[in-house]
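In the working numbering, the protein residues as written are 322 to 431.
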């Protein structure tokens, strides 16, 4: 899709959030996740990421990750998925942290 979006004068990017405290889930759920050692990203960083995309019309076909500040000093990072992110240390750490708060054998919401 992104190879033809220039024809329509549009761009395609993805913003993928990590755990962010919002009102979507209960405090108990967020406390459970945090109790597993998971750091949270900030909602404001999602806004900054969006401003980055909107302010630079050369940003097209990117996948941005809203992340805790320990992984991204700005609160977001371009994952560069076309650059073999499958083997990146950051991706491996993210996957490990996801499993810490919800191991597959305990079900979706233990």
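Heads up, the beta-carbon is just placed ideally off N, CA and C, and yes, glycines get one too.
Remember, predicted model here, so these are calculated numbers, not experimental data.
Measuring C-alpha to C-alpha distances from residue 341 to each of 382, 373, 352 and 364 identifies 364 as the nearest.
Going by C-alpha positions, residue 383 is about 16 Å away from residue 396. With respect to the 9 Å criterion, residue 336 and residue 370 are classified as neighbours on the basis of their beta carbons.
In the assembly as shown, residue 421 is an exposed residue. Its beta-carbon has fewer than 16 other beta-carbons within 10 Å.
DSSP places residue 351 inside the alpha helix (DSSP H), whose first and last residues are 348 to 356.
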